[in-house]
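Participant:
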Amino acid sequence: MEEEQIEMPTEEPIKETIEQALTESLEEEQEIEISEDSVEIIKDDTPWLFFDYSGTLVDTVNALSRTYTRFLGKEFPPEKVKSLYKDYPKLGKIALMRKYKFNPFKYMIGGKSKIDEIRKEEFWVGVRSFPGIPEVLLRLQKIVKAKLAIVTHETELEDEVEREKIFQKFGIPITFDGIITDYSNKKEKFDQFIEDRGIVHGICIGDVQFDLDLGKTHGFFTIGVTWGFSSRDELLADYVIDDPRELLQIVMSLMHQIEQKQLHGDPI
Numbered sequence: 006m007e008e009e010q011i012e013m014p015t016e017e018p019i020k021e022t023i024e025q026a027l028t029e030s031l032e033e034e035q036e037i038e039i040s041e042d043s044v045e046i047i048k049d050d051t052p053w054l055f056f057d058y059s060g061t062l063v064d065t066v067n068a069l070s071r072t073y074t075r076f077l078g079k080e081f082p083p084e085k086v087k088s089l090y091k092d093y094p095k096l097g098k099i100a101l102m103r104k105y106k107f108n109p110f111k112y113m114i115g116g117k118s119k120i121d122e123i124r125k126e127e128f129w130v131g132v133r134s135f136p137g138i139p140e141v142l143l144r145l146q147k148i149v150k151a152k153l154a155i156v157t158h159e160t161e162l163e164d165e166v167e168r169e170k171i172f173q174k175f176g177i178p179i180t181f182d183g184i185i186t187d188y189s190n191k192k193e194k195f196d197q198f199i200e201d202r203g204i205v206h207g208i209c210i211g212d213v214q215f216d217l218d219l220g221k222t223h224g225f226f227t228i229g230v231t232w233g234f235s236s237r238d239e240l241l242a243d244y245v246i247d248d249p250r251e252l253l254q255i256v257m258s259l260m261h262q263i264e265q266k267q268l269h270g271d272p273i
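Residue numbers for the sequence shown follow our numbering, beginning at 6 and rising by one.
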């Protein structure tokens with residue numbers, strides 16, 4: 006009986022196999038590095054101006070006062086509206102209902118749809134842009150090298166057709182580059198907008214501290230305005246202004262600072 010001959014692998018195939026494995030591993034590492042580099046490159050260096058909507062661009066306080074008065078069946082004055090909207094980001098629904106003596110049963114059975122219906126009626130009749138805002142927006146869009154966006158809880162602004170109707174009625178004369186809106190979590194939507202686009206430079210303009218803090222989180226400049234829901238001493242911002250006409254000069258000054266950062270980097 007002949008002995009079975011077992012062929013031993015030669016050195017050459019083993020060498021080729023090792024070399025092939027090393028080559029494939031190196032190619033995979035290079036692909037990962039290229040992919041990571043690509044992610045890092047995606048940055049939007051264009052400055053953005055982020056405007057709060059209600060209380061900054063359009064005057065909604067009296068319309069909201071009439072809305073809550075009709076819905077609750079008792080007087081809900083403008084000052085109470087201002088207090089409610091400043092408390093809204095800080096307090097939960099139960100705490101808000103207790104503080105402002107809302108009847109929870111009004112909200113349980115079709116309450117939200119009812120108040121939304123009243124609100125829409127009152128807004129359509131009573132809301133307009135603040136004096137000076139249309140002119141400032143037109144000037145900013147014309148002379149400032151920046152993109153303009155609205156940050157708001159008003160979800161009806163998401164629909165382009167509806168938005169055009171509302172803007173025409175309320176006196177907002179421009180088309181914005183971004184509409185950031187979420188009924189319950191404006192901050193999360195704003196953060197996602199910044200992250201998705203890799204936005205580096207921004208100016209946030211708003212009438213309550215919550216709006217300004219959205220920008221501070223990302224290292225943006227902030228401008229507080231006193232013609233909406235807050236007084237001067239309630240706002241912590243880089244600038245606080247009392248008249249929309251002041252906005253243009255301040256934005257131009259901040260844009261110059263942003264340009265210097267882009268050219269020379271942040272000063273040490």
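Think of the CB as a built atom: it goes at the ideal place given N, C-alpha and C, for glycine as much as any other residue.
Within 10 Å of its beta-carbon, does Y58 have 16 or more other beta-carbons around it, so buried, or fewer, so exposed?
Facilitator: Working through the sequence shown from its first residue, we reach residue 58 at position 53. So Y58 counts as buried.
Participant: Can you tell me the Cβ-Cβ gap for G183 and T61, rounded? I've got them flagged as a contact below 8 Å.
Facilitator: To locate residue 183, count along the sequence shown from 1; it is residue 178. To locate residue 61, count along the sequence shown from 1; it is residue 56. Between T61 and G183 the Cβ distance is about 15 Å, and since that is not below 8 Å, they are no contact.
Participant: Do V132 and F76 have their C-beta atoms within less than 8 Å of each other?
Facilitator: Taking the sequence shown and counting its residues from 1, one reaches residue 132 at position 127. Taking the sequence shown and counting its residues from 1, one reaches residue 76 at position 71. Contact: no.
Participant: Kindly examine the ligand FAD and report whether one of its heavy atoms sits closer than 7 Å to the Cβ of K191.
Facilitator: This structure lacks the ligand FAD; in fact it carries no ligand of any kind.
Participant: If contact is defined by three or more beta carbon pairs under 8 Å, each pair taking one atom from either stretch, is the segment 251–268 in contact with the segment 147–157?
Facilitator: Enough Cβ pairs lie closer than 8 Å, so yes.
Participant: Report the residue from T74, L54, T186, P94 whose alpha carbon sits nearest the alpha carbon of K85.
Facilitator: Counting from one through the sequence shown, the residue named residue 85 turns up at place 80. The option with the nearest alpha carbon to K85 is T74.
Participant: Around the Cβ of I37, are there at least 16 other Cβ atoms within 10 angstroms (buried) or fewer (exposed)?
Facilitator: As a working mapping, residue 37 is identified with position 32 in the sequence shown. Interpretation of I37 is limited by its pLDDT of 49, a score under 50 that renders its predicted location unreliable; no figure is taken from the coordinates.
Participant: State the Cα-Cα distance for the pair L96 and H269, rounded to the nearest angstrom.
Facilitator: Mapped onto the sequence shown, residue 96 falls at position 91. Mapped onto the sequence shown, residue 269 falls at position 264. Those two C-alpha atoms are separated by around 43 Å.
Participant: Return the CA-CA distance between K106 and I204, expressed in angstroms with no decimal places.
Facilitator: On the sequence shown, position 101 is the one that residue 106 refers to. On the sequence shown, position 199 is the one that residue 204 refers to. Whole-angstrom Cα-Cα distance: 42 Å.
Participant: Does the pairing of the segment 209–225 with the segment 236–244 give three or more beta-carbon distances under 8 Å?
Facilitator: Yes, the segment 209–225 is in contact with the segment 236–244.
Participant: Can you have a look at I47 and say buried or exposed, based on whether 16 or more other CB atoms are within 10 angstroms of its CB?
Facilitator: Your numbering for residue 47 matches position 42 in the sequence shown. Exposed, by the Cβ-count rule.
Participant: Just to confirm my understanding: we take K20, look at its own chain, exclude 5 residues before and 5 after, and list those with CB closer than 8 Å. What are they?
Facilitator: To locate residue 20, count along the sequence shown from 1; it is residue 15. Here K20 scores only 49 on pLDDT, less than 50, and its place in the model should not be relied on; the value that follows carries that caveat. Cβ neighbours of K20 beyond the five flanking positions: none.
Participant: Using alpha carbons as the reference points, say which of Q173, P178, D64 lies closest to V230.
Facilitator: Here residue 230 refers to the residue found at position 225 when the sequence shown is read from its first residue. Per the Cα distances, D64.
Participant: Kindly indicate which three-state DSSP category Y244 falls into: helix, strand or coil?
Facilitator: For the purposes of this step, residue 244 is taken as residue 239 along the sequence shown, with counting starting at 1. Of the three classes helix, strand and coil, the one that applies to Y244 here is strand, per DSSP.
Participant: Considering only the alpha carbon of each residue, which of D121, E163, F55 lies closest to D218?
Facilitator: Translated into positions along the sequence shown, residue 218 becomes position 213. Taking only the C-alpha atoms, the option nearest D218 is F55.
Participant: Taking only runs that begin and end inside the segment 115–147, name each unbroken alpha helix (DSSP H) of 4 or more residues, in chain order.
Facilitator: Entirely contained in the segment 115–147, the alpha helix (DSSP H) runs reaching 4 residues are, in chain order, 116–131.
Participant: Following the continuous beta strand (DSSP E) through T227, name the residue where it begins and the one where it ends.
Facilitator: Residue mapping note: residue 227 aligns to position 222 of the sequence shown, counting from 1. Here the beta strand (DSSP E) through T227 covers 226–230.
Participant: For the beta strand (DSSP E) that contains D57, what are its first and last residues?
Facilitator: The count along the sequence shown starts at 1 and reaches residue 57 at position 52. Where D57 is concerned, the enclosing beta strand (DSSP E) stretches over 53–57.
Participant: Any idea if R286 is buried or exposed, counting beta-carbon neighbours within 10 angstroms, 16 or more meaning buried?
Facilitator: Nothing in the structure corresponds to residue 286, since the chain is present only between 6 and 273.
Participant: If G220 and G207 are in contact, beta carbons under 8 Å, what's the gap, nearest whole angstrom?
Facilitator: For the purposes of this step, residue 220 is identified with residue 215 of the sequence shown, where counting begins at 1. For the purposes of this step, residue 207 is identified with residue 202 of the sequence shown, where counting begins at 1. Contact holds; Cβ gap of about 6 Å.
Participant: Pick out the complete beta strand (DSSP E) segments inside the segment 179–231, 3 residues or longer, and give them in chain order.
Facilitator: Complete beta strand (DSSP E) runs here, min 3: 183–186, 207–211, 226–230.
Participant: Please check the pair T186 and T160, which I expect to be a contact at CB under 8 Å, by giving their CB distance rounded to whole angstroms.
Facilitator: As a position in the sequence shown, residue 186 is number 181, starting the count at 1. As a position in the sequence shown, residue 160 is number 155, starting the count at 1. At roughly 5 Å, the Cβ-Cβ gap stays under 8 Å, so T186 and T160 are in contact.
Participant: Along the beta strand (DSSP E) that carries V156, what are the first and last residues, could you check?
Facilitator: Along the sequence shown, read from residue 1 onward, the residue named residue 156 stands at position 151. From DSSP, the beta strand (DSSP E) with V156 extends over 152–157.
Participant: Enumerate in chain order the residues of its own chain whose CB-to-CB distance from V166 is below 7 Å, with the five nearest sequence positions on each side excluded.
Facilitator: Position 161 of the sequence shown holds residue 166. Once the five neighbours on either side are set aside, V166 has no close Cβ partner at all.
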